[in-house]
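Here's the structure we're looking at; comments come further down.
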Amino acid sequence: MATHRPRLTRRALLAAGAAAAGAALVPWRALLDPRRRVTGRIIGPSSALGHRLRGGAFPAPSSSRRTGVVVAGAGIAGLSAAWRLRRAGFEDFLVCDLEPEAGGNSLSGSCPASAFPWGAHYLPVPDPGAELVVELLREFGLVTGRDAAGRPVFDPRWLCHDPEERHFIHGRWESGLFPRMGATADDLAQRERFEARMESYRRLKTRDGRPAFAIPMERSSRDPDLLALDRLSFADWLRGEGFTSEQVLWYADYACRDDFGARPAQTSAWAGIHYFAARPADEEVFTWPEGNGWLVRRLAGPLGPRLRTGAAVVRVEETRSGVEVDLLDAATGAVERVTAAAAVVALPRFVAARAVPALGGRTDGFEYAPWAVSNLLLDGPPAGPGVELAWDNVPVKSESLGFVVATHQRMGPVGRDTVWTHYHAFADGEPAALRAELLAAPWESHRDRVLDDLERCVPGVTESVRSLDVMVWGHGMVRPSPGFMFGAARQGALAPRGRIHFGHSDLSGFSIFEEAQYRGVKAAEGALASLGKRAA
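The sequence shown begins at 488 in my numbering and counts up by one.
The structure is reproduced here in structure tokens:
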């Protein structure tokens, strides 16, 4: 059969050449896309290992050991429990955690440019009533003495450098966190009234002699009129107080997402007011390039072999003679049984409910907000508007919480490279569905989410980004929903089960350093008491 051969014409030749040139340009365009030059990955925490607790089927123990007290969990609560045991002169303990490093949501990392946080990134200067925090900071050399009134004096070298914070609104960056750009006289009046209302709560002393709102939260008043606030949402309280200003409502919304991963409508009014009223309006904060990882290192450092990481606590059960704790080795899959006289379970409630059979798997009332934290390595500061960085940089019309700059705290010569830590609390939607979506999302999806957010307030920043790593916290923090703070679920969770004592920030209703430390210390003191040892 004869084959038809098309005649090669000049028009066909030009068309073919254009098509070939177009095809050749596609990869070059891809290479010119600055996002395609950004490298990165999704890292921890060990959700796959943690999810094995749901099944509950583990190998029989292949080895065993004994110790005085087992501390399950090496976040701030667990490390604080160990700190308290050591201060009591009790050294026979073991702290274990499924992650390869201690720290929980105060975990940190580092690169040649800087150390950086993977979670909590600051510690507010404590008032004298937060005695445990003051004592810890004194031990770490951050308290230099006392003033004439007997209040602790803190080393200013470790306080956040200026400029501390700014916000982005209407195409501009402004100092502070309250939006004044475009604010009306009524907005400013409502802002003053909001601050006056919170100041009245700060100064309020009730019939029981306690401050209305304090940190740790157990120091707060139990006046019935104040406790009734827990049954309202913060949104309802704001509405009832006549706060309608867009700026004031955004400020309240930012606060709830920042500390609770929730919107005001999802937050107890007691907890929402506590955010503002439990601290002074002009509070200062300690922060370090690695955030609260600085504190983690100093808590974990003295533990040596008494800290075992990469070991998931899969069972904590009281026996006639004490407590049995089964540990699953993340590397080998082998199970070790540790027999102890007492245990401190410094695990979030959703984990403790599966690891401690006495809890029956119940997590009633405990709800957790998913988070994503991203660390970006930048090759030099970006050019253009918005480069006059503060430590904390918050875009107002954004679903994220903005970013902090690790090198802002660097002392001595500052290099060109820097690290920005971007925070995103996922407050809208059903938490379990959001967790599943976040864990299933590819790295490119997270990259685009973060860079889209940053480009809106720092145009052209992508050109400076070399890498972008992401940490997905499926259960980033407990949410203090209406009725939770003084409801039966939280109150009941505080009770020990025999020689098993519980200590975690969940038990305070919100995830901050002071609450985690307090709960860990109190659990350690309970363990010591169950052994007949003095906690002093």
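Quick reminder that beta carbons are idealized off the backbone N, C-alpha and C, glycines included.
Legend entry - Per-residue DSSP class, three states only, for residue 641: Three-state DSSP puts residue 641 in a strand.
Inset, instruction - Go through its chain and collect everything with a Cβ distance to residue 846's Cβ below 7 Å, but skip five positions before and after it. - result: For residue 846, where only same-chain residues beyond five positions count, the Cβ hits under 7 Å are 839, 840.
Legend entry - Beta-carbon separation (whole angstroms), residue 758 vs residue 973, contact threshold 8 Å: Not confirmed; about 10 Å, so no contact.
Legend entry - the stretch 964-973 in contact with the stretch 812-826 per 3-pair CB rule at 8 Å: In short, these stretches do not touch, since the Cβ pair count stays below three.
Legend entry - Cut-off 7 Å between Cβ atoms - residues of its own chain near residue 681, not counting five sequence neighbours on either side: Excluding five sequence positions before and after residue 681, the CB atoms of its chain that fall closer than 7 Å to its own CB belong to 730, 735, given in chain order.
Legend entry - C-beta atoms of residue 580 and residue 589 nearer than 8 Å: No, these two residues do not count as a Cβ contact at 8 Å.
Inset, instruction - Please say whether residue 879 and residue 891 have beta carbons closer to each other than 8 Å? - result: Their beta carbons are under 8 Å apart, which means residue 891 touches residue 879 by this criterion.
Legend entry - Contacting residues, own chain, Cβ-Cβ under 6 Å from residue 988 (five flanking each side not counted): So the list reads 831, 1010, 1013, 1014, once near-sequence residues are dropped.
Inset, instruction - Per DSSP, which residues does residue 861 bridge with? Please list them. - result: Per DSSP, 909, 957.
Legend entry - Assigned exposure category for residue 774 - 16 Cβ within 10 Å defines buried: So residue 774 ends up on the buried side.
Inset, instruction - My understanding is that residue 1008 touches residue 827, with C-beta atoms under 8 Å, so please give their C-beta distance in whole angstroms. - result: With 8 Å as the limit, residue 1008 and residue 827 do not qualify as a contact, their Cβ atoms being about 19 Å apart.
Inset, instruction - Note down, in chain order, each residue of its chain lying with its Cβ closer than 6 Å to the Cβ of residue 572, except the 5 sequence neighbours on either side. - result: Closer than 6 Å at Cβ, skipping near neighbours: 580, 1011.
Legend entry - Buried/exposed call for residue 903, threshold 16 Cβ in 10 Å: Residue 903 comes out exposed.
Legend entry - residue 585 and residue 818 closer than 8 Å at C-beta: Against a cut-off of 8 Å, the Cβ pair of residue 818 and residue 585 comes out as no contact.
Inset, instruction - For residue 687, count neighbouring Cβ atoms within 10 angstroms of its own Cβ and tell me buried if that reaches 16, exposed if not. - result: In summary, residue 687 is exposed, with fewer than 16 beta-carbon neighbours lying within 10 Å of its beta-carbon over all protein chains present.
Legend entry - Cβ neighbours of residue 553 in the same chain (closer than 6 Å, five flanking residues each side left out): Cβ within range, chain order: 826.
Legend entry - Exposure of residue 635, with buried meaning 16 or more beta-carbon neighbours within 10 Å: Residue 635 comes out exposed.
Legend entry - Buried or exposed (CB count within 10 angstroms, at least 16 for buried), residue 699: Per the 10 Å Cβ criterion, buried.
Legend entry - Start and end residues, beta strand (DSSP E) containing residue 743: For residue 743, there is no enclosing beta strand (DSSP E); the enclosing alpha helix (DSSP H) has its first and last residue at 733-747.
Inset, instruction - Return yes when the Cβ of residue 954 is within less than 8 Å of the Cβ of residue 786, no when it is not. - result: The Cβ atoms of residue 786 and residue 954 do not sit closer than 8 Å to each other.
Legend entry - Same chain, Cβ closer than 8 Å to residue 530, five either side skipped, listed in chain order: Same-chain partners within the cutoff: 956, 957, 958.
Inset, instruction - Look at the alpha carbon of residue 603 and the alpha carbon of residue 695, and state the distance between them as a whole number of angstroms. - result: Straight-line Cα distance between these residues: approximately 43 Å.
Legend entry - Range of the contiguous beta strand (DSSP E) that encloses residue 921: Segment 918-927 is the alpha helix (DSSP H) holding residue 921; no beta strand (DSSP E) there.
Inset, instruction - Could you give the DSSP three-state label for residue 702: helix, strand or coil? - result: Collapsing the DSSP output to three states places residue 702 in coil.
Legend entry - Counted within 10 angstroms of its Cβ, other Cβ atoms place residue 666 as buried (16 or more) or exposed: So residue 666 counts as buried.
Legend entry - Whole-angstrom C-beta distance between residue 564 and residue 1006, which should lie under 8 Å: The Cβ separation is near 5 Å, so the contact holds.
Legend entry - residue 851 and residue 976 closer than 8 Å at C-beta: Yes; because the gap between Cβ atoms is below 8 Å, this pair is in contact.
Inset, instruction - Classify residue 717 as helix, strand or coil using the three-state DSSP reduction. - result: Residue state, collapsed to three classes: helix.
Legend entry - Residues near residue 911 by beta carbon distance below 6 Å, same chain, minus five either side: Excluding five sequence positions before and after residue 911, the CB atoms of its chain that fall closer than 6 Å to its own CB belong to 859, 887, given in chain order.
Inset, instruction - Report buried or exposed for residue 672, applying the criterion of at least 16 other Cβ atoms within 10 angstroms of its Cβ. - result: Answer is exposed; the Cβ neighbour count stays below 16.
Inset, instruction - Return the first residue and the last residue of the alpha helix (DSSP H) that residue 681 is part of. - result: Counting along the chain, the unbroken alpha helix (DSSP H) around residue 681 starts and ends at 672-690.
Inset, instruction - Buried or exposed for residue 992, please, with buried defined as at least 16 other CB atoms from any protein chain shown within 10 angstroms of its CB. - result: Counting every other CB atom within 10 Å of its CB across the protein chains shown gives residue 992 a total of 16 or more, marking it as buried.
Inset, instruction - Please name the residue, chosen from 722, 616, 980, that lies closest to residue 848 on a Cα-to-Cα basis. - result: When each option's Cα is compared against that of residue 848, the closest is 980.
Legend entry - Continuous beta strand (DSSP E) stretch holding residue 559: start and end: Its beta strand (DSSP E) spans residues 550-559.
Inset, instruction - Classify residue 908 as buried or exposed, calling it buried when 16 or more other Cβ atoms lie within 10 Å of its own Cβ. - result: Counting every other CB atom within 10 Å of its CB across the protein chains shown gives residue 908 a total of 16 or more, marking it as buried.
Inset, instruction - Give a yes or no on whether the C-beta atoms belonging to residue 746 and residue 999 are separated by under 8 Å. - result: Residue 999 sits close to residue 746, with the two beta carbons spaced by under 8 Å.
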